[in-house]
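Quick notes on the structure that follows.
Protein chains: 2
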Amino acid sequence: MTVTGPKGFRAAGVAAGIKASGALDLALVVNDGPDQAAAGVFTRNVVKAAPVLWSQEVLRHKRLRAVVLNSGGANAATGPGGFQDTHATAEKVAELLEVGAIDVAVCSTGLIGERLPMPAVLAGVDAAVKGLDTTAESALAAASAVMTTDTKPKQTLQSGGGWSVGGFAKGAGMLAPNLATMLSVLTTDAAVDPDALDAALRAATRVTFDRLDVDGGTSTNDTVLVLASGASGITPGLDEFTDVLTAACMDLVQQLRADSEGVTKEVDVVVRGAASEQDAINVGRTVAEDNLVKTALFGSDPNWGRIAMAVGRAQAEIDPGTLSITINGVTLFAGGTTAADRSAADLSGRAVEIVIDLGIGSSEATIFTTDLSHAYVEENSAYSS
Amino acid sequence: MTVTGPKGFRAAGVAAGIKASGALDLALVVNDGPDQAAAGVFTRNVVKAAPVLWSQEVLRHKRLRAVVLNSGGANAATGPGGFQDTHATAEKVAELLEVGAIDVAVCSTGLIGERLPMPAVLAGVDAAVKGLDTTAESALAAASAVMTTDTKPKQTLQSGGGWSVGGFAKGAGMLAPNLATMLSVLTTDAAVDPDALDAALRAATRVTFDRLDVDGGTSTNDTVLVLASGASGITPGLDEFTDVLTAACMDLVQQLRADSEGVTKEVDVVVRGAASEQDAINVGRTVAEDNLVKTALFGSDPNWGRIAMAVGRAQAEIDPGTLSITINGVTLFAGGTTAADRSAADLSGRAVEIVIDLGIGSSEATIFTTDLSHAYVEENSAYSS
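Line by line, the protein sequences give chains G and L.
Throughout, this note's numbering is defined as the position within the first sequence, counted from one, plus 296.
Throughout, this note's numbering is defined as the position within the second sequence, counted from one, plus 296.
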């Protein structure tokens with residue numbers, strides 16, 4: 297059990313016929329309370345999908361009874377008609393659950409610029425409400441119904457003391473800064489008031505989802521929602537709750553990276569010694585997004601020269617004389633020149649750690665990324681998504 | 297004739313043995329005057345190669361007698377020893393030409409982080425000085441000696457009235473904002489004073505080399521130099537000279553793009569209706585560097601949704617409601633929604649024009665880019681460069 301691991305939640309995943317393949321494509325998560333506190337973070341892309349605009353609006357009142365999600369179409373750049381479709385979906389869920397549409401968030405993922413097949417969506421909502429259950433199978437069906445180019449569902453369950461945080465996520469490409477093109481629903485049976493929930497979610501995503509950067513894309517649909525039922529009757533301290541929520545997010549982020557499009561290397565870009573955390577993030581992202589660095593990683597080539605090039609073009613305080621670059625434990629560049637032959641670093645494995653010490657201050661950040669492989673190009677050139 | 301097209305210039309290209317392949321790898325361009333005005337623009341990467349540090353320094357006195365260039369090694373991130381190598385190379389050229397080292401600029405290109413084989417370099421300088429000539433063959437040899445992953449030399453010759461601008465360039469990967477990883481030497485027999493030469497060069501590169509963005513990389517070695525001999529005895533107006541110099545730069549930029557690593561599409565990203573030119577540039581670069589856009593182009597897929605996604609994450613004033621996206625003459629997105637079926641845009645050819653109208657102001661800019669192909673990944677993962 298995952299999204300239904302915490303007490304007070306039911307889920308369902310059905311094949312509504314939105315995807316031509318007949319795969320699962322509509323998920324529903326319902327919070328049976330007693331509380332219905334909720335918080336969310338959304339894409340910073342200016343071009344926001346209709347479901348993002350809707351869900352941002354309904355979250356103003358800081359509570360949700362349900363989240364309905366579909367794959368097979370992003371409902372982005374679809375104009376007023378697309379927004380109407382989102383509204384109709386929320387209305388349908390609300391009607392069947394006997395609540396208001398304002399209590400229902402909507403998430404969509406898939407191709408941008410196409411309208412959803414609404415008869416299929418609404419029939420799918422019907423089927424999903426009927427299929428709602430607390431079982432592990434229903435949680436898995438919900439996690440599977442949001443998949444696009446994902447090859448496997450991503451779920452997590454983290455325990456607190458007598459309460460827990462569960463959830464699922466999807467995302468395989470367009471993974472980037474400021475919410476990695478990705479939908480995630482998190483649940484908890486801790487009793488957390490909406491403002492604390494919001495603070496915890498922002499703290500957790502800031503060091504997890506916000507630091508996953510596979511290809512620099514920032515989707516039109518990124519959404520992370522957390523729903524608190526209070527069903528455990530326990531109110532943990534904010535720090536304690538934030539820690540467990542962060543662990544759940546980090547678990548999902550590692551699963552997202554491991555399953556991202558064409559990945560052959562899972563790469564941690566650790567930036568230390570920065571003048572500020574923002575500098576560390578900027579350097580980490582610039583390196584993580586650099587195609588010359590990424591293709592060298594695909595070739596298992598510890599090409600620190602390309603890393604130095606990327607560091608040097610980042611928006612950050614940089615001094616080439618204090619910079620050092622260490623790959624899988626071997627320092628290859630330090631003091632302005634070569635520190636060891638590149639052959640000393642072994643990149644044959646799947647896990648790679650690049651440590652960039654700017655030697656200026658004491659701030660640090662880690663960005664989670666991948667290599668750039670033939671399979672990434674294949675997947676993203678041969679199929680529209 | 298190209299770099300030796302303008303009167304007053306000699307060139308040579310020799311195989312010095314820096315490249316293991318035995319290909320041409322050392323070039324020399326000499327200005328025989330009567331003037332020796334010079335100007336240069338350099339990479340904005342903080343990690344600057346030794347030859348960049350050297351050439352920036354010698355250009356302070358606004359004159360150059362010669363430029364010596366090598367491929368087979370970037371001499372970047374090589375510490376004080378690498379700087380010493382650059383200095384020794386300039387000294388050797390100066391000794392043979394009976395001038396000061398301060399009159400000799402140095403450019404290097406190739407792998408970052410390796411010292412140059414100095415005996416080979418110095419012997420190559422000897423051979424190059426002996427081979428200096430005004431012929432088309434010697435100009436071609438110089439243009440060929442700077443090639444790395446380039447498959448062909450890039451040369452240009454543009455006529456003014458009784459004077460001309462010639463030159464060559466190299467560059468195939470790491471092509472990006474703020475001088476596209478690239479070396480270029482331009483020559484003119486117009487009589488232009490150093491300050492006017494500098495102003496003209498900055499104006500020309502701002503709309504040409506600075507707007508070529510193949511992969512977002514910004515090299516440690518980018519250098520564009522212009523040398524004026526005054527041998528025609530004609531002093532054109534600054535605007536007139538700038539126009540011809542810009543035409544020469546644009547010709548080289550188009551050749552660089554056409555020969556960039558793995559290119560199958562030559563793409564103009566035209567951004568109009570921006571609140572400022574910087575906004576237009578930011579949007580154009582974000583789209584040009586987006587791997588999801590680039591792989592879609594490789595797949596000949598007019599996936600405007602990915603373009604809208606990239607526009608929405610650019611640092612610029614954007615309104616999704618006024619944005620329109622036109623691909624090869626067909627407007628696919630306007631007024632917040634689909635304007636035509638994507639199949640209406642034909643991307644089967646090599647040339648692609650993407651027009652993004654932000655619908656906000658009246659500023660515009662064009663970024664020159666390419667697709668992201670299997671061959672790019674192959675070339676950059678299988679070989680260190």
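All C-beta atoms, glycine included, are put in the ideal place defined by N, C-alpha and C.
> According to DSSP, what are the bridge partners of Asp429 of chain G?
Replying inline: On the first sequence, position 133 is the one that residue 429 of chain G refers to. BP columns for Asp429 of chain G point to G:Ala307.
>> Can you list, in chain order, the residues of its chain with a C-beta nearer than 7 Å to that of Glu613 of chain G? Leave out the 5 residues immediately preceding and following it.
In response: Residue mapping note: residue 613 of chain G aligns to position 317 of the first sequence, counting from 1. Closer than 7 Å at the Cβ level, and outside the excluded window around Glu613 of chain G, lie Ala571, Asp575, Ile656.
> Is Ile530 of chain L helix, strand or coil by DSSP?
Replying inline: Taking the second sequence and counting its residues from 1, the one referred to as residue 530 of chain L is at position 234. In this structure, Ile530 of chain L counts as coil in the three-state DSSP scheme.
>> Run through chain L and tell me which residues come within less than 9 Å of Met478 of chain G, C-beta to C-beta.
In response: For this step, residue 478 of chain G is matched to residue 182 along the first sequence. Result: empty, since nearest Cβ-Cβ is about 13 Å, beyond 9 Å.
> Between Leu619 of chain G and Trp600 of chain G, is the Cβ-Cβ spacing less than 8 Å?
Replying inline: Taking the first sequence and counting its residues from 1, the one referred to as residue 619 of chain G is at position 323. Taking the first sequence and counting its residues from 1, the one referred to as residue 600 of chain G is at position 304. No; because the gap between Cβ atoms is not below 8 Å, this pair is not in contact.
> Terminal residues of the continuous alpha helix (DSSP H) containing Ala381 of chain L?
Replying inline: Translated into the one-based positions of the second sequence, residue 381 of chain L becomes position 85. In the sequence on display, residue 381 of chain L carries Asp and not Ala. First-last of the alpha helix (DSSP H) with Asp381 of chain L: 375-393.
> In the DSSP assignment, what residue or residues form a beta bridge with Gln454 of chain L?
Replying inline: Within the second sequence, the letter at position 158 stands for residue 454 of chain L. Partner residues in the beta bridge of Gln454 of chain L, as assigned by DSSP, are L:Val461.
> Run through DSSP, which three-state label would Asn474 of chain G get?
Replying inline: For the purposes of this step, residue 474 of chain G is identified with residue 178 of the first sequence, where counting begins at 1. In this predicted model, Asn474 of chain G has a pLDDT of only 38, less than 50, meaning its place in the structure is not dependable; the value taken from the coordinates is given anyway. Assignment of Asn474 of chain G by DSSP, reduced to helix, strand and coil, places it in the coil class.
>> Check whether the stretch 325-338 of chain L and the stretch 358-374 of chain L touch, using three or more Cβ-Cβ pairs below 8 Å as the test.
In response: Yes: at least three Cβ pairs fall under 8 Å.
>> I'd like to know whether the C-beta of Ser677 of chain L is nearer than 8 Å to at least one C-beta of chain G.
In response: Reading the second sequence from its first residue, position 381 is the one you call residue 677 of chain L. Yes, because at least one Cβ of chain G sits closer than 8 Å to the Cβ of Ser677 of chain L.
> Any beta-carbon of chain A closer than 8 Å to the one on Leu412 of chain G?
Replying inline: In the displayed structure, chain A is absent; the protein chains listed are G and L.
> Who are the neighbours of His670 of chain L on chain G, taking C-beta pairs under 9 Å?
Replying inline: Taking the second sequence and counting its residues from 1, one reaches residue 670 of chain L at position 374. Residues of chain G with a Cβ closer than 9 Å to the Cβ of His670 of chain L are, in chain order, His670, Val673, Glu674, Ser677.
> Hey, how far is the Cα of Pro616 of chain G from the Cα of Cys403 of chain L?
Replying inline: Position 320 of the first sequence, counted from the start, is the residue given in the question as residue 616 of chain G. Position 107 of the second sequence, counted from the start, is the residue given in the question as residue 403 of chain L. Going from the Cα of Pro616 of chain G to the Cα of Cys403 of chain L covers about 20 Å.
> Near Ala496 of chain L, which residues of its chain fall below 6 Å by C-beta distance, leaving aside the five closest residues on each side in sequence?
Replying inline: In the second sequence, residue 496 of chain L corresponds to position 200, counting from 1. Excluding positions up to five away in sequence, the list reads Phe537, Thr538, Leu541.
>> Let me see if you follow: with CB-CB separation under 8 Å, is Phe629 of chain G close to chain L or not?
In response: As a first step, residue 629 of chain G is located in the first sequence; it is residue number 333 there, counting from the start. Yes, its Cβ sits closer than 8 Å to a Cβ of chain L.
> Does the Cβ of Gln611 of chain G have 16 or more other Cβ atoms within 10 Å, making it buried, or fewer, making it exposed?
Replying inline: Within the first sequence, the letter at position 315 stands for residue 611 of chain G. Sixteen is the threshold: since fewer than 16 other Cβ atoms of the shown chains lie within 10 Å of the Cβ of Gln611 of chain G, the residue is exposed.
>> Spatial neighbours of Thr666 of chain L within its chain, please: C-beta separation below 7 Å, excluding the five flanking residues on both sides.
In response: For the purposes of this step, residue 666 of chain L is taken as residue 370 along the second sequence, with counting starting at 1. Closer than 7 Å at the Cβ level, and outside the excluded window around Thr666 of chain L, lie Val510, Arg553, Ser556, Val559, Lys561, Glu562, Val563.
> Can you round the beta-carbon distance between Ile408 of chain L and Val565 of chain L to whole angstroms, since I take them to be within the 8 Å contact cut?
Replying inline: Counted from its first residue, the second sequence places residue 408 of chain L at position 112. Counted from its first residue, the second sequence places residue 565 of chain L at position 269. So it is not a contact: roughly 28 Å between Cβ atoms.
> Do the stretch 379-387 of chain G and the stretch 480-493 of chain G meet, that is, are 3 or more Cβ pairs less than 8 Å apart?
Replying inline: These segments do not touch.
>> How far does the beta strand (DSSP E) with Gly569 of chain L in it extend, from its first residue to its last?
In response: What you label residue 569 of chain L is simply residue 273 of the second sequence in a count that begins at 1. Unbroken beta strand (DSSP E) run through Gly569 of chain L: 562-570.
>> I'd like to confirm the pairing. Which residues does DSSP put opposite Gly336 of chain L in its beta bridges?
In response: For this step, residue 336 of chain L is matched to residue 40 along the second sequence. Answer is L:Leu521, bridged to Gly336 of chain L.
> What distance in whole Å lies between the Cβ atoms of Arg306 of chain G and Thr430 of chain G, which are believed to be in contact at a cut-off of 8 Å?
Replying inline: Here residue 430 of chain G refers to the residue found at position 134 when the first sequence is read from its first residue. Here residue 306 of chain G refers to the residue found at position 10 when the first sequence is read from its first residue. Rounded, the Cβ-Cβ distance is 5 Å, consistent with contact.
> Given a threshold of 16 other Cβ atoms within 10 Å of its Cβ, counted over all protein chains shown, does Pro415 of chain G qualify as buried or as exposed?
Replying inline: As a first step, residue 415 of chain G is located in the first sequence; it is residue number 119 there, counting from the start. Looking at its Cβ environment, which holds fewer than 16 other Cβ atoms inside 10 Å, Pro415 of chain G is exposed.
> Hey, is the stretch 333-340 of chain L in contact with the stretch 440-447 of chain L, meaning 3+ C-beta pairs nearer than 8 Å?
Replying inline: In this structure the stretch 333-340 of chain L does not touch the stretch 440-447 of chain L; the number of beta carbon pairs closer than 8 Å is below three.
> Within the 8 Å Cβ cut-off, does Ala661 of chain G reach chain L?
Replying inline: As a working mapping, residue 661 of chain G is identified with position 365 in the first sequence. Closer than 8 Å: no.
>> Could you check whether the Cβ of Leu475 of chain L sits closer than 8 Å to any Cβ belonging to chain G?
In response: For this step, residue 475 of chain L is matched to residue 179 along the second sequence. Unreliable positioning characterises Leu475 of chain L in this predicted model, as indicated by a pLDDT of 38, which lies under 50. The coordinate reading is nonetheless provided below. For Leu475 of chain L, the answer is no, since every Cβ of chain G falls outside 8 Å of its Cβ.
> Where does Thr444 of chain G land, buried or exposed, given buried means 16+ other C-beta within 10 angstroms?
Replying inline: Here residue 444 of chain G refers to the residue found at position 148 when the first sequence is read from its first residue. Buried: at least 16 other Cβ atoms inside 10 Å.
> Leu407 of chain L versus chain G: which residues are under 7 Å apart at the beta carbon?
Replying inline: One-based indexing of the second sequence puts residue 407 of chain L at position 111. Residues of chain G whose Cβ lies closer than 7 Å to the Cβ of Leu407 of chain L are, in chain order, Gly601.
> Is any heavy atom of the ligand GDP found at a distance shorter than 7 Å from the C-beta of Gly625 of chain G?
Replying inline: No copy of the ligand GDP appears in this structure; indeed no ligand is present at all.
>> Rounding to the nearest angstrom, what Cα-Cα distance links Ala584 of chain L and Met478 of chain L in this structure?
In response: Along the second sequence, one-based indexing puts residue 584 of chain L at 288. Along the second sequence, one-based indexing puts residue 478 of chain L at 182. Going from the Cα of Ala584 of chain L to the Cα of Met478 of chain L covers about 18 Å.
> At a CB-CB cut-off below 9 Å, which residues of chain G make contact with Ile314 of chain L?
Replying inline: Translated into the one-based positions of the second sequence, residue 314 of chain L becomes position 18. Correct list: empty, because the minimum Cβ distance to chain G is about 17 Å.
> Any C-beta of chain L sitting closer than 8 Å to the C-beta of Ile614 of chain G?
Replying inline: As a first step, residue 614 of chain G is located in the first sequence; it is residue number 318 there, counting from the start. Yes, contact with chain L.
>> Under DSSP, the alpha helix (DSSP H) around Phe573 of chain L begins and ends at which residues?
In response: Position 277 of the second sequence, counting from 1, holds the residue named residue 573 of chain L. It should be noted that the sequence gives Glu, not Phe, for residue 573 of chain L. Counting along the chain, the alpha helix (DSSP H) containing Glu573 of chain L begins and ends at 573-585.
> Using the beta-carbon of each residue, which ones in chain G are nearer than 8 Å to Phe664 of chain L?
Replying inline: The residue given as residue 664 of chain L occupies position 368 in the second sequence. Those do not exist, as Phe664 of chain L stays about 17 Å from chain G at its closest Cβ, beyond 8 Å.
> If you drop the 5 nearest sequence neighbours on each side, which residues of the same chain put their C-beta closer than 6 Å to that of Gly580 of chain G?
Replying inline: In the first sequence, counting from the first residue as 1, residue 580 of chain G sits at position 284. Sequence-distant partners of Gly580 of chain G (beyond 5 residues in either direction) whose C-beta falls short of 6 Å from its own C-beta, in its chain, are Val565, Val567, Ala661, Ile663.
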